[in-house]
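Here the structure is laid out as structure tokens; the discussion comes afterwards.
Residue numbers (our numbering): 10 to 157.
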């Protein structure tokens with residue numbers, strides 16, 4: 010049985026190892042450390058199986074710079090229940106659509122990084138597009154700019 014719970018301070022080393030193994034390099038684990046140090050509005054969840062941390066997901070605030078700058082990212086149901094209008098992710102195009110994610114370009118949302126494949130920059134809207142008024146350039150916290 011897998012338990013999903015909020016990350017605790019004593020989980021940090023195990024979370025770092027999970028991220029290093031998942032991405033095959035330390036940069037994403039370093040990004041998580043920087044975000045913890047500078048961003049109080051994180052939602053960090055861990056998956057625990059047989060007393061071991063086997064998975065990690067981290068939500069951090071992001072905005073869309075357009076006529077109306079809306080949105081912040083903070084699991085998905087927690088975000089929806091909390092009134093978050095959308096979640097954007099740079100992720101695997103075969104994985105995230107099962108949760109309702111679509112290419113962000115369908116809504117006029119642009120990646121902040123050049124060369125990102127259109128099918129990997131995804132958005133999940135929690136309200137109708139005309140209600141959330143999302144379109145424009147996605148902007149992440151500055152810690153993401155330091156990730157290689």
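For every residue, glycine included, the Cβ atom is placed at its ideal position computed from N, Cα and C.
With respect to the alpha helix (DSSP H) encompassing residue i, which residues constitute its N-terminal and C-terminal limits?
i, result
"residue 153", "Element bounds for residue 153: n/a, residue is neither H nor E."
"residue 43", "36–47"
If you check the beta carbons only, do residue i and residue j fall under 8 Å apart?
i, j, result
"residue 12", "residue 66", "no"
"residue 69", "residue 16", "no"
"residue 99", "residue 133", "no"
"residue 124", "residue 145", "no"
Just mark residue i as buried or exposed, buried being the case when its beta carbon has 16 or more other beta carbons within 10 Å.
i, result
"residue 96", "buried"
"residue 104", "exposed"
"residue 113", "buried"
"residue 155", "exposed"
"residue 26", "exposed"
"residue 41", "buried"
Where does the unbroken beta strand (DSSP E) through residue i begin, and where does it stop?
i, result
"residue 12", "11–15"
Just list the beta strand (DSSP E) runs in the region 78–148, keeping only unbroken ones of 3 residues or longer that don't cross its boundaries, in chain order. 95–99 and 130–134
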